[in-house]
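Here the protein sequences come in this chain order: A and B.
Numbering-wise (the UniProt record's numbering), the first sequence opens with residue 1 and increments by one.
Numbering-wise (the UniProt record's numbering), the second sequence opens with residue 1 and increments by one.
Report on one structure; see the data block that follows.
Number of protein chains: 2
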Amino acid sequence: MVKVSEHTRQKILEISADEIRKHGFTATSLSVILKRCDISKGALYHHFTNKLELGYAVFEEIYTPEFLAMWQPAVSGNDPIESLVDFFQSMLTNLSCEDIVCGCPLNNLCQEMSGIDEGFRLRILNMQQQLNSLIATNLVRVSSQLRDDINFQQVAYFIISCFYGASNLSKGSKNKDLFSQVINELCAYIYHLRKQ
Amino acid sequence: MVKVSEHTRQKILEISADEIRKHGFTATSLSVILKRCDISKGALYHHFTNKLELGYAVFEEIYTPEFLAMWQPAVSGNDPIESLVDFFQSMLTNLSCEDIVCGCPLNNLCQEMSGIDEGFRLRILNMQQQLNSLIATNLVRVSSQLRDDINFQQVAYFIISCFYGASNLSKGSKNKDLFSQVINELCAYIYHLRKQ
DNA sequence: CTACATACCGACCAAGCGGTTTGTAAATGA
DNA sequence: TCATTTACAAACCGCTTGGTCGGTATGTAG
Chain A
1 MVKVSEHTRQ
11 KILEISADEI
21 RKHGFTATSL
31 SVILKRCDIS
41 KGALYHHFTN
51 KLELGYAVFE
61 EIYTPEFLAM
71 WQPAVSGNDP
81 IESLVDFFQS
91 MLTNLSCEDI
101 VCGCPLNNLC
111 QEMSGIDEGF
121 RLRILNMQQQ
131 LNSLIATNLV
141 RVSSQLRDDI
151 NFQQVAYFII
161 SCFYGASNLS
171 KGSKNKDLFS
181 QVINELCAYI
191 YHLRKQ
Chain B
1 MVKVSEHTRQ
11 KILEISADEI
21 RKHGFTATSL
31 SVILKRCDIS
41 KGALYHHFTN
51 KLELGYAVFE
61 EIYTPEFLAM
71 WQPAVSGNDP
81 IESLVDFFQS
91 MLTNLSCEDI
101 VCGCPLNNLC
111 QEMSGIDEGF
121 RLRILNMQQQ
131 LNSLIATNLV
141 RVSSQLRDDI
151 NFQQVAYFII
161 SCFYGASNLS
171 KGSKNKDLFS
181 QVINELCAYI
191 YHLRKQ
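This is the structure in structure tokens:
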């Protein structure tokens with residue numbers, strides 16, 4: 001049996017996710033969320049104890065599954081190198097300029113909230129470690145095809161860093177071009193992981 | 001002849017720079033600055049027309065020269081490749097954990113302010129382009145020693161991205177380790193720019 | 001029909017924000 | 001010496017923020 005109020009809760013989560021994605025957590029105003037949801041403050045505080053808990057719920061119930069689904073093609077398939085490159089190249093073709101400039105919520109929240117709130121920091125750290133493990137173990141699978149001097153964890157973190165940095169860098173220029181350049185260079189780097 | 005009030009102005013700038021570095025521009029409170037400077041609101045608004053102009057002044061008079069001085073060793077010297085690697089390696093030894101977790105003000109402000117305020121965005125973009133040019137032209141100088149397939153602008157942006165991403169990534173973990181790993185991998189990448 | 005929980009409304013609150021205004025002591029130029 | 005500007009101090013203002021609280025309509029179980 002599905003509770004009726006679940007619909008309200010979901011709406012709050014989705015709109016909050018959208019606001020936080022666009023403006024960050026701190027700059028997201030509850031009153032804006034209330035207006036967009038067309039509900040009262042009482043409704044929101046019936047479902048969530050405070051703004052921070054709402055933020056955690058958004059992270060766990062919206063961003064986490066979204067993030068895992070997004071990266072899934074990058075860390076599956078027979079050829080991890082090709083999967084990674086395809087994944088990044090598909091970003092170049094599929095993502096709009098606004099998407100890129102808006103950036104990855106995980107990266108944004110990491111920068112904004114890590115120093116302020118431990119709850120956010122640990123959730124973010126956990127996701128980053130998960131992603132790192134996914135990439136690293138996937139590369140290990142085909143280590144025989146790869147160079148001998150590779151530190152898999154280090155390479156995985158390097159790839160994530162480049163992605164983070166690329167989206168940060170393109171925020172200043174407000175266009176896809178910088179992002180494309182960095183991602184292309186990243187793909188060249190990834191190819192070079194193979195035995196020459 | 002030096003104006004007496006210049007001392008007050010400098011103090012405001014330096015303390016504001018410190019606050020903005022630690023908490024970002026929006027989260028920096030004027031009242032905190034006033035307390036730390038031990039001055040009144042009247043003093044601050046005598047020297048700066050509003051918070052935004054104070055922010056611009058901090059960027060231009062504190063962050064910009066600091067940034068250029070910081071990167072200078074990376075883009076000078078006889079061997080650009082070695083200079084870059086030395087520069088990054090010296091960060092690993094010289095920077096404290098807090099420094100790393102706090103991150104580069106340019107990167108932080110880029111993420112926080114690019115989407116909010118054009119004045120900040122253009123100043124940041126300008127600095128990034130300057131840095132990119134410095135790195136790229138420095139590499140061009142020794143292009144005969146480097147691989148033939150190098151796109152210098154792209155490589156320069158890639159290096160900056162990795163640096164940005166590394167400091168972002170380490171914010172979540174609150175220690176130097178992740179930063180070190182990414183920087184080490186970046187140095188390996190930089191060495192690989194040379195002809196093999 | 002009664003009793004109680006759920007789901008929500010909307011007025012209200014204290015605190016903090018950036019910014020304005022009024023006032024004044026000190027420095028400066030004529 | 002006197003008028004004027006400089007360099008502040010401090011009270012004040014409107015506004016927004018997250019958060020609380022009393023009330024209420026709608027179920028729902030006994």
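Cβ atoms here follow ideal geometry from the backbone N, Cα and C, with glycine treated the same way.
Keep in mind that this is a model prediction, so the values were computed, not measured.
Would Asn107 of chain B pass as a contact of Ser180 of chain B if the rule is Cβ separation under 8 Å?
-> Locating residue 107 of chain B in the second sequence gives position 107, where the first residue counts as 1. Locating residue 180 of chain B in the second sequence gives position 180, where the first residue counts as 1. No, the pair does not count as a contact, with Cβ atoms beyond the cut-off.
Could you have a look at Arg194 of chain B and say whether DSSP puts it in helix, strand or coil?
-> As a first step, residue 194 of chain B is located in the second sequence; it is residue number 194 there, counting from the start. If DSSP states are grouped into helix, strand and coil, Arg194 of chain B belongs with the strands.
Delimiting residues of the alpha helix (DSSP H) encompassing Asn108 of chain A | Counting from 1 along the first sequence, the entry for residue 108 of chain A is found at position 108. Element bounds for Asn108 of chain A: Pro105 to Met113.
Okay, do the segment 164 to 178 of chain B and the segment 107 to 116 of chain A touch, 3+ Cβ pairs below 8 Å being the bar?
-> yes
Does the beta-carbon distance from Trp71 of chain B to Leu131 of chain B come in below 8 Å?
-> For the purposes of this step, residue 71 of chain B is identified with residue 71 of the second sequence, where counting begins at 1. For the purposes of this step, residue 131 of chain B is identified with residue 131 of the second sequence, where counting begins at 1. Yes, these two residues count as a Cβ contact at 8 Å.
Would you tell me roughly how many angstroms separate the C-alpha atoms of Cys110 of chain A and Arg194 of chain A, rounded to the nearest one?
-> Translated into the one-based positions of the first sequence, residue 110 of chain A becomes position 110. Translated into the one-based positions of the first sequence, residue 194 of chain A becomes position 194. Roughly 31 Å between the two C-alpha positions.
Report the residues of the segment 119 to 132 of chain A with a CB closer than 7 Å to any CB of chain B, ordered along the chain.
-> Arg121, Ile124, Leu125 and Gln128
Please state whether DSSP places Leu84 of chain A in a helix, a strand or coil.
-> Working through the first sequence from its first residue, we reach residue 84 of chain A at position 84. Leu84 of chain A: helix per DSSP, three-state reduction.
Gly172 of chain A at chain B interface by Cβ criterion, 8 Å | Reading the first sequence from its first residue, position 172 is the one you call residue 172 of chain A. Output row for Gly172 of chain A: interface = yes.
Candidates A:Ala17, A:Asn50, A:Ile81 and A:Phe25: closest to Ile62 of chain A by CA position = Locating residue 62 of chain A in the first sequence gives position 62, counting from the first residue. The residue with the shortest Cα to Cα distance from Ile62 of chain A is A:Ala17.
Which of the three DSSP states, helix, strand or coil, is assigned to Leu34 of chain A?
-> If you number the first sequence from 1, residue 34 of chain A lands on position 34. In the structure shown, Leu34 of chain A sits in a helix (DSSP, three-state: H, G or I).
Looking only at its own chain, which residues have a Cβ that is under 7 Å from the Cβ of Thr49 of chain A, when we skip the five neighbours before and after it?
-> Sequence index remark: in the first sequence, residue 49 of chain A carries index 49 (1-based). None.
Ser133 of chain A, enclosing alpha helix (DSSP H) - first and last residue | Within the first sequence, residue 133 of chain A is the residue found at index 133, counting from 1. Its alpha helix (DSSP H) spans residues Glu118 to Arg141.
Return the residue from the list A:Asn138, A:Ile160 and A:Asn184 that minimises the CA-CA distance to Ile150 of chain B.
-> Mapped onto the second sequence, residue 150 of chain B falls at position 150. When each option's Cα is compared against that of Ile150 of chain B, the closest is A:Asn184.
Mind pulling the chain B residues with CB within less than 7 Å of Ala166 of chain A?
-> Within the first sequence, numbered from 1, the residue matching residue 166 of chain A stands at position 166. Those are Ser161, listed as they occur along chain B.
Across which residues does DSSP place Leu146 of chain A in a beta bridge pair?
-> Position 146 of the first sequence, counted from the start, is the residue given in the question as residue 146 of chain A. DSSP, once it has assigned bridges, lists A:Arg194 as partnering Leu146 of chain A.
Using a Cβ cut-off of 7 Å, pull out every chain B residue sitting near Val157 of chain A, in sequence order please.
-> Looking up residue 157 of chain A in the first sequence gives position 157. One point to set straight first is that residue 157 of chain A is Tyr, not Val, in the sequence displayed. What Tyr157 of chain A touches in chain B: Leu169, Leu178, Gln181 and Val182.
Taking Cβ-Cβ distances shorter than 8 Å, what residues in chain A pair up with Thr26 of chain B?
-> If you number the second sequence from 1, residue 26 of chain B lands on position 26. Within 8 Å Cβ-Cβ: Thr26 and Ala27.
For Asn50 of chain A, which residues in chain B fall below 7 Å Cβ to Cβ?
-> What you label residue 50 of chain A is simply residue 50 of the first sequence in a count that begins at 1. Within chain B, no residue comes near Asn50 of chain A; the closest Cβ sits about 18 Å away, beyond 7 Å.
Cβ of Tyr189 of chain A less than 8 Å from any chain B Cβ?
-> Walking along the first sequence from the start, residue 189 of chain A turns up at place 189. It does; some Cβ of chain B falls within 8 Å.
Given 8 Å, three or more beta-carbon pairs between the segment 44 to 60 of chain B and the segment 19 to 36 of chain B | yes
Through-space distance from Arg123 of chain B to Arg9 of chain B, alpha-carbon basis = On the second sequence, residue 9 of chain B is found 9 positions in, with the first residue counted as 1. On the second sequence, residue 123 of chain B is found 123 positions in, with the first residue counted as 1. Cα-Cα distance, rounded: 21 Å.
Considering only C-alpha positions, which residue in the set A:Cys97, A:Ser31, A:Ile15 and A:Ala69 is nearest to Asn175 of chain A?
-> Taking the first sequence and counting its residues from 1, the one referred to as residue 175 of chain A is at position 175. Among A:Cys97, A:Ser31, A:Ile15 and A:Ala69, the Cα nearest to that of Asn175 of chain A belongs to A:Cys97.
Put Gly24 of chain B into one of helix, strand or coil per three-state DSSP.
-> Indexing the second sequence from 1 puts residue 24 of chain B at position 24. Correct three-state label for Gly24 of chain B: coil.
For Ala188 of chain B, which of B:Gly24, B:Pro65, B:Phe25 and B:Ile159 has the nearest alpha-carbon?
-> Working through the second sequence from its first residue, we reach residue 188 of chain B at position 188. If we check each option's Cα against that of Ala188 of chain B, B:Ile159 comes out closest.
Count the CB pairs spanning the segment 64 to 83 of chain B and the segment 127 to 146 of chain B that are closer than 8 Å, and state whether there are at least three.
-> yes
By a C-beta neighbour count over all protein chains shown, 10 Å radius and 16 as the cutoff for buried, is Ser29 of chain B buried or exposed?
-> In the second sequence, residue 29 of chain B corresponds to position 29, counting from 1. So Ser29 of chain B counts as exposed.
With Val101 of chain B as the anchor, note down where its alpha helix (DSSP H) starts and where it stops.
-> The sequence position of residue 101 of chain B within the second sequence is 101, counting from 1. Start and end: Cys97 to Cys102.
Exposed or buried, Ser161 of chain B, counting other C-beta atoms within 10 Å across all chains shown (16 or more means buried)?
-> Taking the first residue of the second sequence as position 1, residue 161 of chain B is located at position 161. Burial call: buried.
Alpha helix (DSSP H) segment containing Thr64 of chain A, residue limits | In the first sequence, the residue the question calls residue 64 of chain A occupies position 64. From DSSP, the alpha helix (DSSP H) with Thr64 of chain A extends over Thr64 to Trp71.
Quick one: which chain B residues come within Cβ less than 9 Å of Gln89 of chain A?
-> For the purposes of this step, residue 89 of chain A is taken as residue 89 along the first sequence, with counting starting at 1. Within chain B, no residue comes near Gln89 of chain A; the closest Cβ sits about 15 Å away, beyond 9 Å.
What number of angstroms, rounded off, separates the C-alpha of Met1 of chain B from the C-alpha of Lys41 of chain B?
-> Translated into the one-based positions of the second sequence, residue 1 of chain B becomes position 1. Translated into the one-based positions of the second sequence, residue 41 of chain B becomes position 41. Residue confidence is low: Met1 of chain B scores 37 on pLDDT, short of 50, so the model does not pin down where it sits. Its coordinate-derived value is still stated next. For Met1 of chain B and Lys41 of chain B, the distance between alpha carbons rounds to 27 Å.
Answer yes or no: does any C-beta atom of chain A fall closer than 8 Å to that of Ser16 of chain B?
-> What you label residue 16 of chain B is simply residue 16 of the second sequence in a count that begins at 1. No, Ser16 of chain B does not count as interfacial toward chain A.
Cut-off 8 Å between Cβ atoms - residues of its own chain near residue 199 of chain B, not counting five sequence neighbours on either side | Given a span of 1 to 196 for chain B in the structure shown, any question on residue 199 of chain B remains unanswerable.
Using the beta-carbon of each residue, which ones in chain A are nearer than 8 Å to Cys110 of chain B?
-> On the second sequence, residue 110 of chain B is found 110 positions in, with the first residue counted as 1. Asn168, Leu169, Lys171 and Gly172, listed in chain order.
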